[in-house]
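Everything on this sheet refers to the single structure shown next.
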Amino acid sequence: MTRAGSRTLHQLVYASRIRIPWPDQAREVDQIVRASIENNRRADVTGLLLVHDGWFVQALEGPAEAVLSAYGRIRDDARHEDCRVLHAGPGESRSFEDWNMCARHMTPADEAILDTLHMRGAFEPHKLTGKQALRLLKAVRGVQHSTQLRALG
Ligand SMILES: Cc1cc2nc3c(=O)[nH]c(=O)nc-3n(C[C@H](O)[C@H](O)[C@H](O)COP(=O)(O)O)c2cc1C
648 MTRAGSRTLH QLVYASRIRI PWPDQAREVD QIVRASIENN RRADVTGLLL VHDGWFVQAL
708 EGPAEAVLSA YGRIRDDARH EDCRVLHAGP GESRSFEDWN MCARHMTPAD EAILDTLHMR
768 GAFEPHKLTG KQALRLLKAV RGVQHSTQLR ALG
């Protein structure tokens with residue numbers, strides 16, 4: 648699949664409440680990511696899924712029609728509820744180009760990221776502005792990259 652090329656890049660970030668019983672969460676998130684990688688690769692969509700404190704925050708980016716069609720399916724998924732779009736619009740370049748999808752469960756060490764958003768101990772992603780939501784996911788991208796590099800080294 649070719650990358651966006653001359654087509655306009657669209658970015659969408661939403662937050663939702665997880666509706667998966669705790670014991671099944673890791674397995675379900677694994678399944679979500681596996682299905683997402685397949686679908687997103689075909690549709691030229693990239694992104695990142697943050698899983699933290701009962702919430703999903705996900706970025707999707709790619710051709711507008713592909714992003715909106717993926718989000719349409721995602722929004723109807725019973726594994727979460729209260730989907731709220733925090734940011735949507737054209738982007739100049741991809742921010743999550745390394746992953747067709749990748750889930751990051753925030754570890755206690757990662758939680759310093761929340762300090763800049765004043766959300767440590769009270770994670771309320773529905774209250775984030777679009778800019779803040781993108782900043783959060785870009786910070787998560789940073790820790791995910793360094794974890795992958797450590798795993799390779
Ligand atoms: C939090 C969350 C994130 C998801 N992200 C994606 C995604 O990025 N791409 C995707 O195709 N499906 C994603 N899904 C799954 C879709 O809701 C849906 O189950 C899937 O696209 C159906 O694919 P299938 O028709 O190939 O079975 C996500 C679901 C949840 C709950």
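According to our numbering, the sequence shown is numbered sequentially starting from 648.
Every residue gets a Cβ at the ideal spot worked out from N, C-alpha and C, and that includes glycine.
{"Query": "Buried or exposed for Glu-739, going by 16 or more other Cβ atoms inside 10 Å?", "Result": "exposed"}
{"Query": "Among Asn-747, Gln-658 and Arg-664, which one has its Cα closest to the Cα of Phe-770?", "Result": "Arg-664"}
{"Query": "At which residues does the beta strand (DSSP E) containing Val-692 begin and terminate?", "Result": "Careful: Val-692 lies outside any beta strand (DSSP E) and carries neither H nor E."}
{"Query": "Express the C-alpha separation of Pro-755 and Leu-707 in angstroms, rounding to a whole number.", "Result": "25 Å"}
{"Query": "Just to confirm the assignment, what range does the alpha helix (DSSP H) spanning Gly-768 have?", "Result": "Element bounds for Gly-768: n/a, residue is neither H nor E."}
{"Query": "For Leu-796, is the classification buried or exposed, using 16 other Cβ atoms within 10 angstroms of its Cβ as the cut-off for buried?", "Result": "exposed"}
{"Query": "Whose C-beta lies closer than 7 Å to the C-beta of Ala-651 among residues of the same chain, with five residues either side of it excluded?", "Result": "Residue confidence is low: Ala-651 scores 43 on pLDDT, short of 50, so the model does not pin down where it sits. Its coordinate-derived value is still stated next. Same-chain partners within the cutoff: Asp-691, Gly-709 and Pro-710."}
{"Query": "Any heavy atom of ligand 1 closer than 8 Å to the Cβ of Val-692?", "Result": "yes"}
{"Query": "Three or more C-beta pairs closer than 8 Å, one from the region 755-767 and one from the region 712-730: is that the case here?", "Result": "no"}
{"Query": "Is it buried or exposed, Val-732, if we count other Cβ atoms within 10 angstroms and call 16 or more buried?", "Result": "exposed"}
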